[in-house]
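If you count by mature numbering (1 follows the signal peptide of the UniProt record, and there is no 0), then the sequence shown holds residues -18 to -1, 1 to 273, one letter each, in order. A virtual CB, placed ideally from N, CA and C, is assigned to each residue, including glycine. These numbers were taken from a predicted model, which means no experiment stands behind them. Have a look at the structure below before the remarks.
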Amino acid sequence: RHRPVAVLGLGAMGRALAGALLAAGHPTTVWNRSPERSAALAGAGADVAGSAAEAVAAGELVVVCLLDDDVTRRVLERAAPALAGRTVVNLTNGTPAQAHRLAEWVTARGARYVDGGIMAVPFMIGQPGAFVLYSGAEDAFLDWRDTLEAFGDVHWLGADPGRAAVHDLALLAAMYGMFGGFLHATAMVRAAGTPVGRFAPMVTGWLTAMLGELPAMAAAVDSGEHDADGSSLRMQAASFGNLLAACRDLGVDAGLMRPVRDLLDEAVARGHGEEGLSALVGLLHDDVGRP
Ligand code: NDP
C-alpha cells in the first residue's frame, strides 16, 4: 500500500520531509551531498543512496528540497537517466520562471513535474498549521496527494507550474512585511528604554486586530472601491511624518518605514487621499489585468 519514495536534499527541511514520509510508512530512500546528514534517518529506517540517480531509481515519488534552483537542476541532471516514469515534486524555493523551465526539462525526460512551496518551518512539518502549495501536473498531484498530506495541509493551485511559486513568494512578502514592522517597532521601544518582553503582548494584540482588516481590503482590491472607512490615506500620510521624526530622535534607522511614507505621499499626490490603504495596491501594480 505504501509506495516507495525518495528525498533528494537533507538540509533542515529535507530531513523533516523525509522523517514525515518514513513516519507515514513509506519505504524511503534518501540522498544528500554530505552523507553524514543521513545518519539519523538511516537509524529511523531510511535507505541511504550513494547517488542522486540511485535514489531516483528507488522512489516512484521523488521529493526534492535543495538550496536553490541552480543546485536542483545540477542534481537532477546527474539523475536524468533514472527519471522516466517518476513523479518529481520539487519543494525547493524558486521563482515561477524557474518552475516553468524545470517542469519542461523534467517532462521532456518522461517524468511528471509538480512544483511546491512549503509554508512552514522544519519543526512544523506534519504538525497542525503547516501547509504546502502545489501546482503543475494534476494527475501526478492527485496520484500522490495522500502521501503529500504527510507534510501538512495541501493547497492545489492548478496546472501552471509557476502558480505555487507566485503564491509562496507572495506569502513570504507578507511575512517579511509583518516581521519587518515588528522588528522596527521593537527597535523603537527598546531605544525608548522599555523591555521588549513587556511590549510583545501589546504588539501581538494590535497586529491581531489589524489582521481582521485583510478580508475587506482584499475585497476592495478586487472591486476597486477603496473606502477609507474612517482612516483616509490623507490622514495617514499626515501622521506618518511623526513616526519618522520620532525615530530620528530615538536614533532608530527608519529604512524599513520610509518606503511606506513615500507610497502614502505618492497616493495623496495622485488624488487618492480620501481612499483607504487598499488603494496603494494600484500604485504597486497598475491595474492592467483587472476585470
Ligand atoms: P539547508 O541549507 O539546511 O539545506 C540545503 C540543502 O541543499 C542541503 O541538502 C545541501 O547539501 C544542499 N546543497 C547546497 N548546495 C549544494 C550543491 N552545490 N550540491 C548539492 N547539494 C547542495 O536548507 P533547508 O533545508 O532549510 O532549505 C531547503 C529548501 O527549502 C530551500 O529552497 C528553502 O528555501 C526551502 N524552505 C526552507 C524552509 C525552512 O524554514 N528551512 C521553509 C520553507 C522552504 P549539504 O548538506 O551537502 O550542504
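A residue is called buried once 16 or more other Cβ atoms fall within 10 Å of its Cβ, and R94 is buried on that count. In this structure, DSSP gives N75 a state outside helix and strand, which the three-state scheme calls coil.
In this structure, the CA atom of E248 is about 16 Å from the CA atom of H208.
Taking C-beta separations shorter than 6 Å and ignoring five residues to either side along the sequence, the partners of I100 in its chain run L73, V114, following chain order. Taking 7 Å as the cut-off, one finds at least one heavy atom of the ligand NDP near enough to the beta carbon of A(-7). When Cβ pairs closer than 8 Å are counted between the two stretches, the region 135 to 153 is seen not to touch the region 204 to 221, the count staying below three. Not one heavy atom of the ligand NDP falls within 7 Å of the beta-carbon of D231. Secondary structure at E257: strand, using DSSP grouped into helix, strand and coil.
Under DSSP, G99 forms a beta bridge with L115.
Within a 10 Å sphere around the beta-carbon of P143 sit 16 or more other beta-carbons, which makes this residue buried. DSSP lists L43, R94 as the beta-bridge partner residues of T69.
Beta-bridge analysis with DSSP links D135 to F113. A direct Cα-Cα distance of roughly 13 Å separates S117 from A79. Residues of the same chain with a CB within less than 7 Å of the CB of G7, apart from the 5 flanking positions on each side, are H(-17) in chain order.
Here T176 carries a coil assignment [DSSP, helix/strand/coil]. Straight-line measurement puts the Cα of A2 at about 10 Å from the Cα of G134. Residue pairing of V(-14) in beta bridges, as defined by DSSP: T10, L43. For D268, there is no enclosing alpha helix (DSSP H), since its DSSP letter is neither H nor E. When DSSP states are grouped into helix, strand and coil, V30 belongs to the strand group.
When rounded, the separation of the alpha-carbon atoms in V242 and L262 is 10 Å.
In the displayed model, D150 falls within a helix according to three-state DSSP.
DSSP places L(-9) in no alpha helix (DSSP H); its state is neither H nor E. DSSP places D231 in the helix class (H, G or I) of the three-state scheme. Bridge partners of D209 according to DSSP: E257. Straight-line measurement puts the Cα of V44 at about 16 Å from the Cα of D51. Three or more beta-carbon pairs drawn from the region 160 to 170 and the region 226 to 238 are found closer than 8 Å, and the two stretches are therefore classed as touching. DSSP, read as helix, strand or coil, puts G140 in coil. Leaving aside the five residues that flank A174 on each side, the residues in its chain whose CB is nearer than 8 Å to its CB run, in chain order, L232. Annotation: the continuous alpha helix (DSSP H) that includes G25 extends over 21 to 25.
Comparing alpha-carbon positions, the option among P177, A141, T176, A182 lying closest to F161 turns out to be A182.
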